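Residue numbers (the working numbering), protein chains in the order written: chain A, 1 to 149; chain B, 150 to 298.
We put the CB at the ideal spot given by N, CA and C, even for glycine.
A quick note: this is a predicted structure, and the numbers were derived from the prediction, not measured.
2 protein chains.
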Amino acid sequence: MKLEDAIKQKAFKTEEERLVINLVYTSGWLSSEQNRFFKRFGISSQQYNVLRILRGQLPNPASVGLIQERMLDKMSNASRLIEKLKQKKLIKRSECSKDRRQVDVLLTQEGLSLLNEIDGLNGEMHSICNTLDLNEKKTLNNLLDKLRN
Amino acid sequence: MKLEDAIKQKAFKTEEERLVINLVYTSGWLSSEQNRFFKRFGISSQQYNVLRILRGQLPNPASVGLIQERMLDKMSNASRLIEKLKQKKLIKRSECSKDRRQVDVLLTQEGLSLLNEIDGLNGEMHSICNTLDLNEKKTLNNLLDKLRN
DNA sequence: TGACAATATATGTATATACATTAATATTGT
DNA sequence: ACAATATTAATGTATATACATATATTGTCA
């Protein structure tokens, strides 16, 4: 849906104003889509992000700090997400022997299985951008990179 | 910063995967930028959104439902945002005489003044997209519209 | 060594989102 | 008219983010 119709606004003063509002609106749309996808697995998209980071470190554990550093949103609170994932038995936590301030966080077999299950549905998750052809996806990727500079 | 460096991931399997992650990452980045901008005014970007919708209705009041409908993120909870804005004396609420289920929400003079103050800094708020030239902004606007279809 | 700074993680509080439910009021159909 | 249904807003609970602070441990340097 065109932005103006979606938020029932007639026009925007400048291209900049429209872009900022378009970005905010698209963020919300994306977040809804993502959460809807992950809901059937009983996790949030943020928790999925943590699980993927942990898989990327296998067979090694990861510290909370490393997870936080690699998270898509750097300001979020890895500590509490990890606590939730532990309650779901998708990860385990243990004291790091080399530095007792740190904790070793490691995927459980259950967590790994869940990731594998989700992998099988990656196509479905990525289908949210099916409205764009390959060139448009590349252009959008480049523009988003450039925007953040 | 390039996405791969930002989240310390070497490569993505497909353009779709990179795009989805890029969108999520850019959403978080944008949200941080926005909240940093609005912080000095003592409001959140979501509360600003509500104030703007109310100004758009002036001199008429708006119902909670109308606000919710026009919000950038449709799933958020207008009722509680309105309560926060009322505490800050930026809006006032009164029972709607035509339909006693509804409430009339109206900007106060204080709320209107705040919006005017923020208007003066619109340039600063929109400067987050200064890294793009006008054509790129137009292209990005179009691609975001198309993405959500 | 011993004081002080730096680091890693956890936690408290405030705000926002997601979803279900409740309460009051309005509308509809017979 | 009145019973059933729909609509509007508020609220309860769970999750996540933003920021400040607390606690334990490690590192540094005089």
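Worksheet item: residue 161 (chain B) to residue 28 (chain A), Cα distance in whole Å?
Response: Sequence index remark: in the second sequence, residue 161 (chain B) carries index 12 (1-based). Sequence index remark: in the first sequence, residue 28 (chain A) carries index 28 (1-based). Spanning the two alpha carbons is a distance of roughly 24 Å.
Cβ pair count under 8 Å reaching 3, the segment 256-276 of chain B against the segment 171-191 of chain B:
yes
Using a Cβ-Cβ cut-off of 6 Å (strictly less than) and excluding sequence neighbours within five positions of residue 53 (chain A), which residues of its own chain qualify? Reading the first sequence from its first residue, position 53 is the one you call residue 53 (chain A). The answer, listed in chain order, is 67 and 70.
Candidates A:14, A:96 and A:86, of which the one nearest residue 65 (chain A) by Cα: Along the first sequence, read from residue 1 onward, the residue named residue 65 (chain A) stands at position 65. Of the candidates A:14, A:96 and A:86, the one whose C-alpha sits nearest the C-alpha of residue 65 (chain A) is A:96.
* Asked: Under 9 Å between the Cβ atoms of residue 140 (chain A) and residue 179 (chain B)?
  -> On the first sequence, position 140 is the one that residue 140 (chain A) refers to. On the second sequence, position 30 is the one that residue 179 (chain B) refers to. No, the Cβ-Cβ distance between residue 140 (chain A) and residue 179 (chain B) is not below 9 Å.
Whole angstroms are fine: how far does the CA of residue 294 (chain B) sit from the CA of residue 6 (chain A)?
Residue mapping note: residue 6 (chain A) aligns to position 6 of the first sequence, counting from 1. Residue mapping note: residue 294 (chain B) aligns to position 145 of the second sequence, counting from 1. Spanning the two alpha carbons is a distance of roughly 10 Å.
Of all the residues that make up the segment 134-145 of chain A, which are near chain B by a beta-carbon distance shorter than 7 Å? 134, 136, 137, 138, 139, 140, 141, 143, 144 and 145
*Considering residue 167 (chain B), what are the terminal residues of the alpha helix (DSSP H) in which it resides?*
Counting from one through the second sequence, the residue named residue 167 (chain B) turns up at place 18. Note, residue 167 (chain B): alpha helix (DSSP H), 164-188.
Problem - Residues that residue 219 (chain B) contacts on chain A, provided the C-beta gap is smaller than 8 Å - result: To locate residue 219 (chain B), count along the second sequence from 1; it is residue 70. Neighbours of residue 219 (chain B) on chain A, chain order: 7, 8 and 9.
Exercise. Comparing alpha-carbon positions, which option in B:262, B:286 and B:283 lies nearest residue 197 (chain B)?
Worked result: What you label residue 197 (chain B) is simply residue 48 of the second sequence in a count that begins at 1. Residue B:262 is the option with its Cα nearest to residue 197 (chain B).
**Report entry** Cβ-Cβ distance between residue 104 (chain A) and residue 61 (chain A) below 9 Å
**Finding:** By one-based count along the first sequence, residue 104 (chain A) stands at place 104. By one-based count along the first sequence, residue 61 (chain A) stands at place 61. In contact: residue 104 (chain A) and residue 61 (chain A) (Cβ atoms closer than 9 Å).
Tell me, please, whether the CB atom of residue 50 (chain A) is closer than 9 Å to any CB atom in chain B? Locating residue 50 (chain A) in the first sequence gives position 50, counting from the first residue. No, no contact with chain B.
Practice task
Check whether the Cβ of residue 179 (chain B) lies closer than 9 Å to any Cβ atom in chain A.
Solution key: Walking along the second sequence from the start, residue 179 (chain B) turns up at place 30. Yes, contact with chain A.
**Asked** Does DSSP put residue 239 (chain B) in a helix, a strand or coil?
**Response** By one-based count along the second sequence, residue 239 (chain B) stands at place 90. Looking at residue 239 (chain B) - three-state DSSP - the assignment turns out to be coil, as it is neither helix nor strand.
Which residues in the same chain as residue 212 (chain B) place their Cβ atom closer than 6 Å to its Cβ, once the five residues preceding and following it in sequence are excluded? The count along the second sequence starts at 1 and reaches residue 212 (chain B) at position 63. Within the same chain, residue 212 (chain B) has close Cβ partners 251.
What's the call for residue 14 (chain A), buried or exposed, on a 16-neighbour Cβ count within 10 Å?
-> Looking up residue 14 (chain A) in the first sequence gives position 14. Its Cβ having fewer than 16 others within 10 Å, residue 14 (chain A) is exposed.
query = Is the shortest distance between the beta-carbon of residue 87 (chain A) and the beta-carbons of chain B less than 9 Å?
reply = Here residue 87 (chain A) corresponds to residue number 87 of the first sequence, with the count starting at 1. It does not: the Cβ of residue 87 (chain A) has no partner Cβ on chain B nearer than 9 Å.
(request) Report yes or no: is there a C-beta of chain A within less than 9 Å of the C-beta of residue 151 (chain B)? (result) Working through the second sequence from its first residue, we reach residue 151 (chain B) at position 2. Output row for residue 151 (chain B): interface = yes.
Among residues of its own chain, excluding the 5 on either side of residue 238 (chain B), which ones have a beta-carbon nearer than 7 Å to its beta-carbon?
-> As a working mapping, residue 238 (chain B) is identified with position 89 in the second sequence. So the qualifying residues of the chain are 257 and 259.
| task | Please say whether residue 255 (chain B) and residue 200 (chain B) have beta carbons closer to each other than 9 Å? | result | On the second sequence, position 51 is the one that residue 200 (chain B) refers to. On the second sequence, position 106 is the one that residue 255 (chain B) refers to. No, Cβ-Cβ distance for residue 200 (chain B) and residue 255 (chain B) is not below 9 Å.
query = Shortest alpha-carbon distance to residue 134 (chain A) belongs to which of B:292, B:286, B:287 and B:281?
reply = On the first sequence, position 134 is the one that residue 134 (chain A) refers to. The shortest C-alpha separation from residue 134 (chain A) is found at B:292.
Helix, strand or coil at residue 211 (chain B) [DSSP, three-state] = As a working note, residue 211 (chain B) is residue 62 in the second sequence. Residue 211 (chain B) falls in the strand class under three-state DSSP.
### Query
Quick one: is residue 20 (chain A) near chain B, going by C-beta distance under 9 Å?
The residue given as residue 20 (chain A) occupies position 20 in the first sequence. Interface residue, yes.
**Asked** In chain B, which residues lie with their C-beta within 7 Å of the C-beta of residue 83 (chain A)?
**Response** Here residue 83 (chain A) corresponds to residue number 83 of the first sequence, with the count starting at 1. Under the 7 Å cutoff, chain B gives no residues; its nearest Cβ is about 21 Å from residue 83 (chain A).
Report task. Check whether the Cβ atoms of residue 26 (chain A) and residue 172 (chain B) sit closer than 9 Å, and answer yes or no. Result -> Here the question's residue 26 (chain A) lines up with position 26 in the first sequence. Here the question's residue 172 (chain B) lines up with position 23 in the second sequence. Result yes, Cβ atoms of residue 26 (chain A) and residue 172 (chain B) sit closer than 9 Å.
- Message: The alpha helix (DSSP H) that contains residue 256 (chain B), what's its start and end?
- Response: As a first step, residue 256 (chain B) is located in the second sequence; it is residue number 107 there, counting from the start. Here residue 256 (chain B) belongs to no alpha helix (DSSP H); instead the beta strand (DSSP E) covers 252-256.
N- and C-terminal bounds of the alpha helix (DSSP H) containing residue 125 (chain A): If you number the first sequence from 1, residue 125 (chain A) lands on position 125. From DSSP, the alpha helix (DSSP H) with residue 125 (chain A) extends over 122-126.
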